[in-house]
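What follows is a short report on a single structure.
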Amino acid sequence: QAGPNRKPAMIRAHLATCPPRAGILMQAVASILPQVDRLCICLNGYDRVPQDLGDLAKVQAMIPDRDLKDAGKFAFPVAPGDMVFTIDDDIRYPPDYVARTLRGFDGLDPAGNVLGHLGHAYLQKPATGAMGWRNYPFNRRVAQVFKVDVLGTGTTCQIGANLPGLEDMLGAAGFVDIRHARLHHLAGRSLWVLPHDDDDIRSTMTDDLADTSLFRTVNRVSPPEMRAEMRALFPTLTPHSGLKLEKVLKERAAAGQRQV
Numbered sequence: 235q236a237g238p239n240r241k242p243a244m245i246r247a248h249l250a251t252c253p254p255r256a257g258i259l260m261q262a263v264a265s266i267l268p269q270v271d272r273l274c275i276c277l278n279g280y281d282r283v284p285q286d287l288g289d290l291a292k293v294q295a296m297i298p299d300r301d302l303k304d305a306g307k308f309a310f311p312v313a314p315g316d317m318v319f320t321i322d323d324d325i326r327y328p329p330d331y332v333a334r335t336l337r338g339f340d341g342l343d344p345a346g347n348v349l350g351h352l353g354h355a356y357l358q359k360p361a362t363g364a365m366g367w368r369n370y371p372f373n374r375r376v377a378q379v380f381k382v383d384v385l386g387t388g389t390t391c392q393i394g395a396n397l398p399g400l401e402d403m404l405g406a407a408g409f410v411d412i413r414h415a416r417l418h419h420l421a422g423r424s425l426w427v428l429p430h431d432d433d434d435i436r437s438t439m440t441d442d443l444a445d446t447s448l449f450r451t452v453n454r455v456s457p458p459e460m461r462a463e464m465r466a467l468f469p470t471l472t473p474h475s476g477l478k479l480e481k482v483l484k485e486r487a488a489a490g491q492r493q494v
């Protein structure tokens, strides 16, 4: 099993896409492929594997028999000791993205932690005292490691032993970020956003593709299933979200809790 300073069995990246995104897909592929051993792509809505993907030796493409949406990222079997990056087709990843993200596990045991670059922390807002969300975008500077409640699955990294399977995610297709977070909380794992600079990780989304985004087609619509998933998430949330890693460690130590 992968651990701090231990080489993973395989470094993998998993993404799901659909035909309208073909024009930007290859930007994501080109940016991540040199950094991983295997790139697994769920081709929702395709009738054949595009030649420019089929010719790439490290690419494993799969055409599902139905639209899995973002749950397609979890449709590939992995080994427990693999290190798995879940990514998106509308993000261009910097050349050191994989190496820099893996270094985040130098101080965080991968058995109990999941890392990412897009996160949301549910916390008490200082100005009003009301509970609300603090967002950590992937394309805006984050200076420290922060504990969060939800990670965007376009930027996560976790060991294969902890990766939810497709059967776990199917009921949350279109809003897998929420289900992904809840399953990790229930398993006693913590979620963290890592430091990055402005536009270090870049969105390639264009105005003409905005209507294909899950934000427009699912999140903004807020179907009953998604609202139910969010309600189920809240009871699983753990303390210290929105705090820097160093402060979380101090508070856990003061409470006699297990370190990370």
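Numbers 235 to 494, taken from this note's numbering, label the letters of the sequence shown in order. For every residue, glycine included, the Cβ atom is placed at its ideal position computed from N, Cα and C. In this text the structure is predicted, and so the values were computed from the model without any measurement.
Nearest Cα to L479 within the set M464, P242, V427, G346: V427.
For T335, the enclosing alpha helix (DSSP H) stretches over residues 331-337.
For G350, the enclosing beta strand (DSSP E) covers residues 347-350. Its Cα nearest to that of G405, the residue P458 stands out among Q261, Q491, P458, P242. The three-state reading of DSSP puts T389 in strand, counting E and B together. L277 sits in a strand when the DSSP states are folded into three classes.
Comparing C-alpha distances from P473 to each of A262, K381, T390 shows the shortest one belongs to K381. DSSP, read as helix, strand or coil, puts L479 in helix. Linking R300 to A377 through their CA atoms gives a straight-line distance of about 41 Å. Here the stretch 393-407 lies against the stretch 307-318, with 3 or more beta-carbon pairs under 8 Å apart. As computed with DSSP, R374 is found in no beta bridge at all.
Sequence-distant Cβ neighbours of R326 in its own chain, meaning closer than 7 Å and more than five residues away, are Q261, A262, S265, R436, T438.
Counted as a single uninterrupted DSSP element, the beta strand (DSSP E) harbouring V293 occupies residues 293-296.
Y327 is not bridged by DSSP to any residue.
When DSSP reads this structure, K381 sits in a beta bridge with W426.
Under the 10 Å beta carbon count, D383 is surrounded by 16 or more other beta carbons and is classified as buried. The beta carbon of T470 sits closer than 6 Å to the beta carbons of R416, H419, L420 from its chain, once the five residues preceding and following it are set aside; these are given in chain order. Cα atoms of A361 and P344: separation of roughly 35 Å, rounded to the nearest angstrom.
Counting only residues of its own chain and dropping the five nearest sequence neighbours on each side, P298 has a CB closer than 7 Å to the CB of C276, N278, G306, A309.
In the same chain as T389, and ignoring 5 residues on each side of it, the C-beta atoms closer than 6 Å to its own belong to G350, H351, L352, F372, in chain order.
Residues of the same chain with a CB within less than 8 Å of the CB of R413, apart from the 5 flanking positions on each side, are P398, D402, M403, G405, A406, E463 in chain order. Assignment of beta-bridge partners to L249 by DSSP yields I275. Counting along the chain, the unbroken alpha helix (DSSP H) around G257 starts and ends at 256-266.
Beta-bridge annotation (DSSP): S437 is paired with I325.
About 6 Å separates the Cβ atoms of P328 and D434, confirming a contact at the 8 Å cut-off.
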